[in-house]
Amino acid sequence: MKKHNFYAGPSILSEYTIKNTAAAVENFAGTGLSLLEVSHRGKEFVAVNDEARALVKELLDVPDTHEVVFLSGGASMQFCMVPYNMLNRKAAYLDTGTWASKAIKEARLFGEVEVVASSKDKNYSYIPKNYTISPDAEYFHITTNNTIFGTEIHAIPQVHIPLVADMSSDIFARPIDVSQYGIIYAGAQKNLAPAGVTIIIVRKDALGKVERPIPSMLDYRIHIDNDSMFNTPPVLPIYSALQTLKWYREQGGIAVMQQKNIGKAAVLYDEIDRNRLFRGTAAVEDRSLMNVCFVMNDEYRELENTFGEYASAQGIVGIKGHRSVGGFRASIYNAMPRSSVEVLVEAMKSFEKKN
Ligand SMILES: *Cc1c(COP(=O)(O)O)cnc(C)c1O
32 MKKHNFYAGP
42 SILSEYTIKN
52 TAAAVENFAG
62 TGLSLLEVSH
72 RGKEFVAVND
82 EARALVKELL
92 DVPDTHEVVF
102 LSGGASMQFC
112 MVPYNMLNRK
122 AAYLDTGTWA
132 SKAIKEARLF
142 GEVEVVASSK
152 DKNYSYIPKN
162 YTISPDAEYF
172 HITTNNTIFG
182 TEIHAIPQVH
192 IPLVADMSSD
202 IFARPIDVSQ
212 YGIIYAGAQK
222 NLAPAGVTII
232 IVRKDALGKV
242 ERPIPSMLDY
252 RIHIDNDSMF
262 NTPPVLPIYS
272 ALQTLKWYRE
282 QGGIAVMQQK
292 NIGKAAVLYD
302 EIDRNRLFRG
312 TAAVEDRSLM
322 NVCFVMNDEY
332 RELENTFGEY
342 ASAQGIVGIK
352 GHRSVGGFRA
362 SIYNAMPRSS
372 VEVLVEAMKS
382 FEKKN
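Number 386 marks the last residue of the sequence shown (my numbering); no jumps.
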């Protein structure tokens, strides 16, 4: 039976990505060797690394002021690497969920952290809006999409200090104006590639302003100066990332992905709003295009397990909600076909008829 993969991360990848990665694991670029057993400094892999960085720049229209590097350690490593490189005295953070609060915890090791607003009072079900940022904050950190709670920042705040964004679960989901950002970072395993590589887009002149010494591996400048090959990079995730980026280009680019994402999300949210059994958990104006969180209405709550089993009998995988929200979460990343979203919607409709 065809599986419809709604996992939150690691998550669905395009067939193009899976097929080409599998082929390169067997025979990489006609070398007669596996991608896994050749030098990362050989011309074949250097070409992969360079092309992937160039494609990130092309697809997101990255200006020359910024550089793209691929690092290890996940988005979680960036929670400390950002303040290591950027925070002298004080930084401002917006607390919109579990990942944001983890970033805040790490930043506190390096200086004063001003949490300008938090939606923790309502279990992170909305994006705080009217807040002020101290003029002496050195950067402002946001999490553009809250993977666990299903909220997304739809109006990027306009600030006069470098904006730093964790885009782990919505990078490449919509066009962005990179010039607004000091640093963008994103773990690959939501919308790009297998876990193991993190994309960093950094404004070069935002670096070099902290007084502390920085260990080489944690210094963005070292990675930039070494063309993102300071040490052995995660070759397989980078190869896969290149395949996904090529697939995005083939689909028509990021604006086209955005239109598809808007369409897919509308199909699912419309059904959640129409169906008497279900309700969404995120504030309507802040609903995520990538992670759709919903629960059963109180009077049907005891049917949640039954619906989970009913859905899985139809090949629907990975819709169990995160424990901090409960219910269901359908992650509908770029690689998720609309037809799979429609299978989920059909299951919700037919389950409603039965109950
Ligand atoms: C998944 C996720 C993370 C954590 O990523 P790791 O690569 O596991 O460190 C951080 N932020 C957001 C928004 C995420 O979705």
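Ideal Cβ positions, reconstructed from N, Cα and C, are used throughout, including at glycine. All values derive from a computational prediction rather than experimental measurement.
- Query: What's the gap between the Cα of H376 and the Cα of K385?
  - Reply: A small fix is needed here, since residue 376 is Val in this sequence, not His. Rounded to whole angstroms, V376 to K385 spans 15 Å at the Cα level.
Exercise. Among N257, A39, K34, N58, which one has its Cα closest to the Cα of G352?
Worked result: With distances taken between Cα atoms, G352 lies closest to A39.
Exercise for the section: For the stretch 134–159, list the beta strand (DSSP E) runs that are entirely contained and at least 3 residues long, ordered along the chain. Expected result: Runs of the beta strand (DSSP E) inside the stretch 134–159: 143–149.
Checklist entry - Just to confirm, does S442 get its C-beta within under 8 Å of one of the non-hydrogen atoms of ligand 1? => result There is simply no residue 442 to check, as the chain begins at 32 and stops at 386 in what is shown.
Report all residues from its chain with a CB closer than 6 Å to the CB of Q289; omit the five preceding and five following residues, and keep chain order.
-> These residues qualify, in order along the chain: R205.
With a threshold of 8 Å, are at least 3 pairs of Cβ atoms found where one atom belongs to the stretch 228–235 and the other to the stretch 88–102? The stretch 228–235 and the stretch 88–102 touch, with no fewer than 3 CB-CB distances between them shorter than 8 Å.
_With distance defined between alpha-carbon atoms, name the residue in F338, I192, A224, A219 nearest to Y212._
Nearest option by C-alpha distance: I192.
CB-CB length for H172 against A226, believed under 8 Å: With 8 Å as the limit, H172 and A226 do not qualify as a contact, their Cβ atoms being about 22 Å apart.
inquiry  = Nearest by alpha-carbon distance to S381: which of E89, Y251, N306 is it?
reply    = Out of E89, Y251, N306, N306 has the C-alpha closest to the C-alpha of S381.
Integer Cβ distance of V147 from Y170, believed to fall under 8 Å
With a beta-carbon spacing of about 12 Å, V147 and Y170 fall beyond the 8 Å limit used to define contacts.
- Message: Closer than 8 Å to a non-hydrogen atom of ligand 1 - does that hold for the CB of K151?
- Response: No, since every heavy atom of ligand 1 falls outside the 8 Å radius drawn around the Cβ of K151.
* **Cβ neighbours of Y364 in the same chain (closer than 7 Å, five flanking residues each side left out)** => Non-local beta-carbon contacts of Y364 in its own chain, meaning distances under 7 Å to residues more than five positions away in sequence, involve S42, I43, K221, N222, M321 in chain order.
### Query
Roughly how many angstroms separate the alpha carbons of L273 and P265, rounded to a whole number?
Using only the alpha carbons, I get a separation of about 13 Å.
Is the number of C-beta pairs between the stretch 50–62 and the stretch 233–252 that are closer than 8 Å three or more? The way I'd put it, the stretch 50–62 doesn't touch the stretch 233–252; fewer than three beta-carbon pairs between them come closer than 8 Å.
- Assess, as a yes-or-no matter, whether the stretch 154–161 is touched by the stretch 313–333 under the definition of 3 or more beta carbon pairs within less than 8 Å. Segment contact: the stretch 313–333 against the stretch 154–161, three or more CB-CB distances shorter than 8 Å; contact assigned.
Could you tell me if L415 is buried or exposed, where buried requires 16 or more neighbouring beta carbons within 10 angstroms of its beta carbon?
No information on residue 415 is available, as it lies outside the stretch 32 to 386 that the chain covers here.
Q) Does the Cβ-Cβ distance between I179 and T129 come in under 9 Å? A) Against a cut-off of 9 Å, the Cβ pair of T129 and I179 comes out as a contact.
- Going by the CB atoms, is the gap between S149 and D126 shorter than 9 Å? Judged by beta-carbon spacing, S149 lies within the 9 Å limit of D126, meaning their Cβ atoms are closer than that value.
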